[in-house]
Amino acid sequence: MVYLGIDVSKANLDCTLLDPVADKHKTEVVSNDKAGLEALSAWLTKQGVSLTEAHGVMEATGVYHEQAAGGYAVSLLPKIYFVIVTLSVS
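Under this note's numbering, think of the first position of the sequence shown as 1, with each following residue one higher.
Structure (structure tokens):
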């Protein structure tokens, strides 16, 4: 399984694809709209990742995360937890 970390904002989705087995990561920024989600899907396909094997992790950011959460296996984290995890990884 690979993980797709998504930093959600009104305009963009800043994405990091993490493969813990290969110890590699790749990044991509797409718009937070239908066209951006289609671009994200195409980018994942280009990376050799299917939607069924990518597990997304994102902060629940009011309405901005809702469209991005559709179509993926996603764990939504409360904001305070997301900040703590982000800080501990840095």
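The C-beta atom is built at its ideal place from N, Cα and C for all residues, glycine as well.
Classification of residue i by the beta-carbon crowding that lies within 10 angstroms, buried from 16 upward
i: Met58; result: buried
i: Gly62; result: exposed
Near the ligand FAD: residue i beta-carbon under 6 angstroms from a heavy atom
i: Ala35; result: Looking for the ligand FAD in the displayed structure turns up nothing, as the structure carries no ligands at all.
Neighbourhood of residue i by C-beta distance below 8 angstroms, restricted to the same chain and skipping five residues each side
i: Ala42; result: none
i: Lys34; result: Gln67
i: Gln47; result: Leu17, Lys26
Strand pairing of residue i, partner residues [DSSP]
i: Val21; result: Answer is none; Val21 lacks a bridge partner.
Cut-off 6 angstroms between Cβ atoms - residues of its own chain near residue i, not counting five sequence neighbours on either side
i: Val30; result: Leu13, Gly36, Ala39, Leu40
i: Asp7; result: Asp14
i: Val49; result: Val2
i: Gly5; result: Thr16, Val57
Quiz item: Of all the beta strand (DSSP E) runs that stay within the bounds of the stretch 27-53, which reach a length of 3 or more residues?
Solution: With a minimum length of 3 residues, there is no unbroken run of beta strand (DSSP E) contained wholly in the stretch 27-53.
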